[in-house]
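Below: the structure, in structure tokens.
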Amino acid sequence: MHPSFSILKIVTLCLVCAASSPAALPAGDAAGTLDIGPLALQPAAAVYIVKQGAAINARVTAHRGSRAEGERLLVRAFGPDERISFWQYCEPGRKPVSFGPGDGEVWGIPLPQPAKPRPGEMIFDADIPLVADGVHQIRLVGGARNSTARVSLPPGTAWGISCQNGTWSPWEGQPEKMFVYIPPRAEELQIGGGPLRILDETGKQIAESTIDNLRTLTTIPVTRTDVVWQVEFPSPDNWRIRASAGFPFILCSSPDAARAIKASVEILPDGTVVAWKFQRRIAELLPALLSPENVGKADDLIVPLASREAEWLKNPERNVHLLDNYGLFSTVAWSLRHQNVDPASHWAGAINGWQERIGRPAPENRWDRLRSLPGLWAGITPRNGSMAENLAEAALLDAPFNPWSGRKELLYRATAAALSDLLALTESEVWPGVEADLDPYPGFMAFPVAQKTFPVYGLAAPRMPPEVRDVWTEGLRHIVDRMFAEQLVTTRNQSSHFPLAWQIFANGSGDPRYAEIARAEARRFIEGQSPAGYHMEATGPDGSYIGMTHWHLAMYYRQSGGDPAMLESLRRSYRFFNHTVAPEPDGTMLGGFNFNHRVGDGFFNEQWGGARGILDDVLPESAIWTTTAAWKRRAASRVEALPRTLQRDLEPNYLALGNLETPRYLYWTDKPDLGVTWPACESRSFIRNFADELIAVKRPGYYATVYVGRPATDKHYIRNRERFRRPLPDDAENRGGEPQPRQITPFLGGGLSSFSTPAYGHAVLATNWTPLAHHGLVATKADGTRWWEDYFGTAFTLDERASSLSVTGKVEGLPLSYERRYLFRDNQVEIMLTLKAGADLSLETLVENIPVPLGAAKPNGATLRLLSAASADAAGASVAQGFVVTDNTGGGVEFVLDQPRRVVLRPDGLQRRGLQIGRAEISLPVVFRKGESVTLSCTIRSLRESSR
Numbered sequence: 003m004h005p006s007f008s009i010l011k012i013v014t015l016c017l018v019c020a021a022s023s024p025a026a027l028p029a030g031d032a033a034g035t036l037d038i039g040p041l042a043l044q045p046a047a048a049v050y051i052v053k054q055g056a057a058i059n060a061r062v063t064a065h066r067g068s069r070a071e072g073e074r075l076l077v078r079a080f081g082p083d084e085r086i087s088f089w090q091y092c093e094p095g096r097k098p099v100s101f102g103p104g105d106g107e108v109w110g111i112p113l114p115q116p117a118k119p120r121p122g123e124m125i126f127d128a129d130i131p132l133v134a135d136g137v138h139q140i141r142l143v144g145g146a147r148n149s150t151a152r153v154s155l156p157p158g159t160a161w162g163i164s165c166q167n168g169t170w171s172p173w174e175g176q177p178e179k180m181f182v183y184i185p186p187r188a189e190e191l192q193i194g195g196g197p198l199r200i201l202d203e204t205g206k207q208i209a210e211s212t213i214d215n216l217r218t219l220t221t222i223p224v225t226r227t228d229v230v231w232q233v234e235f236p237s238p239d240n241w242r243i244r245a246s247a248g249f250p251f252i253l254c255s256s257p258d259a260a261r262a263i264k265a266s267v268e269i270l271p272d273g274t275v276v277a278w279k280f281q282r283r284i285a286e287l288l289p290a291l292l293s294p295e296n297v298g299k300a301d302d303l304i305v306p307l308a309s310r311e312a313e314w315l316k317n318p319e320r321n322v323h324l325l326d327n328y329g330l331f332s333t334v335a336w337s338l339r340h341q342n343v344d345p346a347s348h349w350a351g352a353i354n355g356w357q358e359r360i361g362r363p364a365p366e367n368r369w370d371r372l373r374s375l376p377g378l379w380a381g382i383t384p385r386n387g388s389m390a391e392n393l394a395e396a397a398l399l400d401a402p403f404n405p406w407s408g409r410k411e412l413l414y415r416a417t418a419a420a421l422s423d424l425l426a427l428t429e430s431e432v433w434p435g436v437e438a439d440l441d442p443y444p445g446f447m448a449f450p451v452a453q454k455t456f457p458v459y460g461l462a463a464p465r466m467p468p469e470v471r472d473v474w475t476e477g478l479r480h481i482v483d484r485m486f487a488e489q490l491v492t493t494r495n496q497s498s499h500f501p502l503a504w505q506i507f508a509n510g511s512g513d514p515r516y517a518e519i520a521r522a523e524a525r526r527f528i529e530g531q532s533p534a535g536y537h538m539e540a541t542g543p544d545g546s547y548i549g550m551t552h553w554h555l556a557m558y559y560r561q562s563g564g565d566p567a568m569l570e571s572l573r574r575s576y577r578f579f580n581h582t583v584a585p586e587p588d589g590t591m592l593g594g595f596n597f598n599h600r601v602g603d604g605f606f607n608e609q610w611g612g613a614r615g616i617l618d619d620v621l622p623e624s625a626i627w628t629t630t631a632a633w634k635r636r637a638a639s640r641v642e643a644l645p646r647t648l649q650r651d652l653e654p655n656y657l658a659l660g661n662l663e664t665p666r667y668l669y670w671t672d673k674p675d676l677g678v679t680w681p682a683c684e685s686r687s688f689i690r691n692f693a694d695e696l697i698a699v700k701r702p703g704y705y706a707t708v709y710v711g712r713p714a715t716d717k718h719y720i721r722n723r724e725r726f727r728r729p730l731p732d733d734a735e736n737r738g739g740e741p742q743p744r745q746i747t748p749f750l751g752g753g754l755s756s757f758s759t760p761a762y763g764h765a766v767l768a769t770n771w772t773p774l775a776h777h778g779l780v781a782t783k784a785d786g787t788r789w790w791e792d793y794f795g796t797a798f799t800l801d802e803r804a805s806s807l808s809v810t811g812k813v814e815g816l817p818l819s820y821e822r823r824y825l826f827r828d829n830q831v832e833i834m835l836t837l838k839a840g841a842d843l844s845l846e847t848l849v850e851n852i853p854v855p856l857g858a859a860k861p862n863g864a865t866l867r868l869l870s871a872a873s874a875d876a877a878g879a880s881v882a883q884g885f886v887v888t889d890n891t892g893g894g895v896e897f898v899l900d901q902p903r904r905v906v907l908r909p910d911g912l913q914r915r916g917l918q919i920g921r922a923e924i925s926l927p928v929v930f931r932k933g934e935s936v937t938l939s940c941t942i943r944s945l946r947e948s949s950r
């Protein structure tokens with residue numbers, strides 16, 4: 003307990019037994035209390051308390067919800083000055099003394115949460131003293147959305163409540179009528195769900211919602227401000243809403259309470275409306291920050307990069323990273339030209355976005371309209387990524403080619419830009435314009451925190467005057483505290499933003515509590531890593547989107563000073579995905595990605611470049627990628643273009659992303675750790691089973707992978723499969739069309755993901771673009787719909803000693819089961835497919851589909867042809883013993899069938915980024931009797947092996 007404050011009332015463990023459920027605390031006990039709750043934390047709530055006269059205590063209690071899962075609970079209190087006065091966090095298994103106390107805080111001792119929590123048990127109980135007159139706030143976050151909280155006050159206390167951007171629902175003793183203050187600048191209110199009625203200040207009904215769907219919005223225009231509306235709940239025990247994509251929506255106990263709380267807004271001297279008192283202090287500091295002696299003149303600051311060409315060319319391989327579209331110097335001069343440095347402007351400090359607005363008629367010329375505005379993102383500026391960060395980085399980068407090294411003007415400009423954005427932070431402690439207004443989904447806040455908000459703070463805040471650093475820290479702390487207890491989302495690239503952002507905040511603030519929070523967030527992230535090694539996307543692996551996760555985790559590793567657990571996590575992830583690829587004869591990397599659950603690209607196109615170039619000295623599993631042909635070609639091209647690049651007036655080509663390339667300059671090494679080789683090139687044979695998901699097989703004559711997993715927990719995560727029930731428009735699958743990389747679905751079932759040989763490279767490469775680009779069964783019903791393996795119906799048996807793999811499953815929507823049996827010999831793979839009908843069945847077509855990579859991705863070319871085929875029939879099919887794919891060196895791979903069968907070759911399949919997926923369709927019977935079975939066998943081997 004902090005020694006300078008009164009002892010808090012702490013409930014003992016015996017009281018936990020006596021009050022083991024929310025029902026143990028009535029709405030008003032015998033002593034006469036005003037109880038607000040139990041409030042379901044979905045995930046947040048703020049209670050506003052109007053205190054006048056003698057000091058009072060607010061008793062806060064929380065109970066775990068009905069799920070067995072524990073809760074990550076944060077309780078904070080703010081005084082009338084909105085300075086934090088109480089802070090306490092607890093979660094299952096964590097020591098009660100973790101994360102505290104901070105300077106100037108009363109600190110409670112929470113009840114310890116056992117590692118195996120029980121539904122309904124009490125998890126928090128403390129009295130929070132409210133001393134000063136004015137409006138106090140108690141803010142609660144339940145990150146797991148599995149708790150209820152109650153705030154107990156003396157009778158007669160005026161109060162209000164906001165559930166922030168989350169879901170509101172009834173609570174015990176809730177008034178049927180409540181009141182909302184409409185602040186200046188408010189334009190509209192958006193509410194999802196119901197039922198409720200809203201009456202204006204005259205008592206006239208202006209809106210009614212009877213809709214239960216939270217995503218169906220009722221928009222209520224505001225015609226007068228500085229008034230109080232009345233909100234009625236016709237079904238006080240059965241309603242739920244989300245509000246508001248607009249002004250702060252705080253339900254108050256009376257009209258007087260609503261006027262006292264005043265929507266928790268601040269009105270600045272120039273009429274600007276903000277949500278927090280710290281924002282008032284920012285507005286007071288901006289004129290000094292933007293004084294001419296601090297920010298200079300853009301024309302005086304802009305220096306042609308070509309003036310230092312000789313210095314740039316001394317280490318071009320490293321320096322080019324600063325001139326990339328995602329690099330530091332692509333934005334500096336542009337930002338200097340586009341920043342508003344007029345201290346008297348409503349848009350003071352903004353980099354871009356203000357020019358087209360400032361001359362419009364009111365209110366379109368303002369950013370303080372208390373709602374999301376199209377074109378503005380996480381502040382009063384557009385989604386301009388790393389503009390402010392790059393100004394700060396340029397000021398701090400000590401390099402002979404950098405004309406801005408040591409220029410304080412860029413630091414002050416960066417700070418002013420970041421603080422002006424912070425003026426827009428909402429009462430809900432989330433950014434407007436990022437879809438978080440009416441949806442607490444954590445991923446919406448993930449993007450801005452690591453791409454825009456926190457990086458510039460970590461660079462500039464420690465170098466600013468104390469009063470600037472303090473208010474900046476106070477503002478960002480609202481975001482950290484609101485978000486750090488939140489759930490990890492199933493699209494983990496989004497959650498990966500948070501460990502990095504929190505670590506940057508810890509570094510910039512110097513607060514050890516937040517260093518511990520960042521480390522705990524990283525641990526939680528690592529604990530969610532798949533046993534196979536990957537970090538999930540839509541609950542499964544994704545060879546492309548994992549690059550964003552790798553980038554953030556690599557940067558967290560650097561910012562944390564080298565967290566060894568994170569390095570090991572990255573190693574496991576790279577090890578998994580490195581097993582999905584193999585080199586082509588020229589060193590170009592390819593690999594299958596039919597198992598991708600988010601986008602249509604393989605690990606050879608790892609988004610953002612992952613950890614490559616950032617951890618080359620410590621992570622050989624990533625560093626090896628800098629030896630690939632594609633990486634070398636890209637580097638050589640940029641080095642060759644460097645003199646011309648320096649002559650251009652650089653402008654950012656893509657403003658949405660953060661500073662991706664500068665870390666590859668900062669952490670450059672000319673001696674990367676290359677202590678590993680590609681799994682596909684290892685000298686010894688192996689069969690590796692990655693947690694019953696990926697089977698990787700290395701033999702002297704080939705490398706093969708089979709994905710046998712089914713990690714999705716619900717059909718929701720594979721819902722896009724319905725897009726492929728019918729052929730794609732314009733016959734795209736047969737005419738070289740381009741897939742939509744975000745409109746994909748995993749095509750699993752145990753077919754080959756890849757098969758490659760050292761001499762030829764990949765002969766089989768399965769993707770998630772279409773069922774006609776995966777290895778497996780494709781059935782067409784009489785109604786034209788297509789059906790393939792049931793995602794959830796797969797099972798497998800692996801016998802490493804016998805070098806065999808058996809995968810069983812069924813075709814979705816059909817009474818047709820299958821077994822696919824592999825025998826992995828040294829120089830060939832033998833596949834036996836057995837089908838069995840569970841009922842009479844008649845189909846339009848049924849084929850075994852084998853996807854073959856063609857196009858520019860095959861550096862030596864690739865041509866499909868049949869083996870000893872008869873002439874084709876009207877449908878383009880020929881009876882053949884199999885087919886072969888060859889390159890212009892004479893190398894190739896043949897697919898030999900057990901007997902001549904009807905085969906169609908389709909070389910003009912979908913294509914993207916030079917990779918075209920042709921295919922062979924091997925016809926199977928279309929009429930089955932119940933219990934009937936058929937078998938198809940195929941041997942895959944190098945042409946050089948077949949000629950021996």
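Residue numbers (this note's numbering): 3 to 950.
Backbone N, C-alpha and C fix where the C-beta goes; we use that ideal spot for every residue, glycine too.
Computed from a prediction, not measured in an experiment: that's the story for all the values here.
Could you give the DSSP three-state label for residue i: helix, strand or coil?
i: L478; result: helix
i: A534; result: coil
i: S624; result: helix
i: F449; result: helix
i: K179; result: strand
i: K206; result: coil
i: G460; result: helix
i: N296; result: helix
i: T417; result: helix
i: L572; result: helix
In angstroms, rounded to a whole number, what distance separates the CA positions of residue i and residue j?
i: Q44; j: A64; result: 13 Å
i: A32; j: A57; result: Low local confidence applies: a pLDDT of 38 at A32 is under 50, so the model's placement there is unreliable, with the coordinate-based value given in what follows. Rounded to whole angstroms, A32 to A57 spans 21 Å at the Cα level.
i: S806; j: I616; result: 40 Å
i: H552; j: A613; result: 5 Å
i: S532; j: T715; result: 13 Å
i: L198; j: V49; result: 21 Å
i: I353; j: Q913; result: 39 Å
i: A837; j: D619; result: Correcting the residue type first, residue 837 is Leu in the shown sequence and not Ala. So the alpha carbons of these two residues sit roughly 51 Å apart.
i: V224; j: S154; result: 33 Å
Quick one: what's residue i bridged to in DSSP?
i: M124; result: H65
i: H138; result: I51
i: M591; result: P585
i: W89; result: R78
i: P131; result: N59
If we require 3 or more residues per run, which beta strand (DSSP E) segments fall completely within the segment 835-868? With a minimum length of 3 residues, the continuous beta strand (DSSP E) runs that stay inside the segment 835-868 are 847-856.
Beta strand (DSSP E) runs wholly inside the segment 744-819, at least 3 long, in chain order: With a minimum length of 3 residues, the continuous beta strand (DSSP E) runs that stay inside the segment 744-819 are 754-759, 763-767, 778-782, 797-801 and 806-812.
At a cut of 8 Å, does the segment 479-496 reach the segment 428-447 through at least three beta carbon pairs? Pairwise C-beta distances place the segment 479-496 in contact with the segment 428-447, as three or more of them are shorter than 8 Å.
Does the pairing of the segment 439-452 with the segment 488-499 give three or more beta-carbon distances under 8 Å? As far as the Cβ criterion goes, the segment 439-452 touches the segment 488-499, which means the pair count is three or higher.
Segment contact flag, the segment 403-417 with the segment 679-696, C-beta cutoff 8 Å, min 3 pairs: The segment 403-417 is not in contact with the segment 679-696.
Does the segment 755-773 touch the segment 619-638, meaning 3 or more C-beta pairs lie closer than 8 Å? Contact fails: fewer than three Cβ-Cβ distances are below 8 Å.
Complete runs of the alpha helix (DSSP H) confined to the segment 180-248 [at least 4 residues]: If we require 4 residues or more, the segment 180-248 turns out to have no alpha helix (DSSP H) run fully inside it.
Assess, as a yes-or-no matter, whether the segment 892-901 is touched by the segment 935-947 under the definition of 3 or more beta carbon pairs within less than 8 Å. With three or more CB-CB distances shorter than 8 Å, the segment 935-947 counts as touching the segment 892-901.
Inspect the CB distances between the segment 162-172 and the segment 218-233 and report whether three or more fall short of 8 Å. Contact between the segment 162-172 and the segment 218-233 is absent, because fewer than three Cβ pairs lie under 8 Å.
With three or more beta-carbon pairs closer than 8 Å as the criterion, would you say the segment 855-871 touches the segment 792-800? Contact between the segment 855-871 and the segment 792-800 is not established, with fewer than three Cβ pairs separated by less than 8 Å.
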